[in-house]
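Heads up: the structure comes next, in structure tokens.
If you want it as structure tokens, here you go:
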């Protein structure tokens with residue numbers, strides 16, 4: 270269904286694209302599985318089946334648990350036909366949906382639903398879990414059994430010995446380098462403290478219980 274979008278302005282100076290102020294929302298009207306409808310965050314009140322063209326409705330996002338599949342930063346801002354131009358794109362999937370429902374060749378391209386924090390839509394976010402919050406992409410660590418690893422993201426670990434990742438790094442972890450240079454004492458202590466208890470597999474299980482999904486490869 271299409272609704273007159275209440276939060277963005279038309280960029281009248283965009284020479285390459287035109288927008289009419291209307292946004293399409295995914296609606297599952299056929300009874301079967303529709304990836305676009307399943308991933309849609311916005312809802313209308315009244316619901317679509319109670320609306321006809323020209324009606325007035327409320328548009329918003331009810332409390333929803335999602336997991337982030339991708340984050341992009343745009344500098345300069347992304348050129349769009351609407352204002353404000355996005356400086357960040359966050360791609361999410363609602364609870365219960367995984368990468369497998371949105372393969373690379375699908376319309377949603379293996380990711381999910383994109384939002385642009387700071388674009389005027391009054392989102393409120395509460396962080397429920399961030400696996401490996403003390404690590405940054407590119408960090409190099411040593412695990413409890415002496416294997417060295419590169420951290421590419423919570424589910425993206427590369428062992429320097431060339432062997433398969435298997436069950437992942439064995440906790441606790443020792444931070445070796447950050448941004449290609451020896452790490453600070455403070456950063457090393459933060460990583461050691463955050464991995465002093467638990468395990469990589471326990472982290473995956475906790476994340477899966479919260480999201481009811483499987484990690485994106």
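Numbering (the numbering used here), first residue to last: 270 to 486.
Backbone N, C-alpha and C define an ideal beta-carbon position, used for all residues, glycine too.
Taking 9 angstroms as the threshold (C-beta atoms), are residue j and residue i in contact?
| i | j | result |
| --- | --- | --- |
| residue 405 | residue 357 | no |
| residue 403 | residue 459 | yes |
| residue 468 | residue 439 | yes |
| residue 349 | residue 293 | no |
| residue 462 | residue 443 | no |
| residue 449 | residue 473 | no |
| residue 394 | residue 386 | yes |
| residue 340 | residue 312 | no |
| residue 445 | residue 410 | yes |
| residue 317 | residue 270 | yes |
Would residue i be called buried (16 or more neighbouring beta carbons within 10 Å of its own) or exposed?
| i | result |
| --- | --- |
| residue 408 | buried |
| residue 476 | buried |
| residue 342 | exposed |
| residue 505 | The first residue shown for the chain is 270 and the last is 486, placing residue 505 beyond what the model contains. |
| residue 425 | exposed |
| residue 359 | buried |
| residue 464 | buried |
Since residue i sits in a beta bridge, which residues does DSSP pair it with?
| i | result |
| --- | --- |
| residue 337 | 361 |
| residue 312 | 329 |
| residue 282 | Paired residues: none, contrary to the question. |
| residue 271 | 293 |
| residue 409 | 419 and 446 |
| residue 352 | 278 |
| residue 382 | 361 |
| residue 343 | None; residue 343 has no bridge partner. |
Please list, in chain order, all residues of the same chain as residue i whose beta carbon is under 6 angstroms from its beta carbon, the five residues on each side excluded.
| i | result |
| --- | --- |
| residue 364 | 334, 480 and 481 |
| residue 485 | 338 and 368 |
| residue 327 | 314 |
| residue 429 | 417 |
| residue 488 | In the structure displayed, the chain extends from 270 to 486; residue 488 sits before or after that span and is not available. |
| residue 423 | 400 and 401 |
| residue 384 | 359 |
| residue 288 | 279, 350 and 351 |
| residue 284 | none |
| residue 419 | 409 and 427 |
Closer than 7 angstroms by C-beta to residue i: which residues in its own chain qualify, once you throw out the five before and the five after it? Chain order, please.
| i | result |
| --- | --- |
| residue 273 | 290 and 291 |
| residue 354 | 346, 347 and 348 |
| residue 389 | 276, 277 and 353 |
| residue 456 | 444 and 447 |
In its own chain, which residues sit with a C-beta less than 8 angstroms from the C-beta of residue i, not counting the 5 before and 5 after it?
| i | result |
| --- | --- |
| residue 352 | 277, 278, 279 and 280 |
| residue 344 | 356 |
| residue 563 | In the structure as shown, the chain begins at 270 and stops at 486. Residue 563 is therefore absent and cannot be evaluated. |
Please give the ranges of any alpha helix (DSSP H) in the stretch 416 to 469, keeping only runs that are unbroken, at least 4 residues long and fully inside the region. 454 to 463
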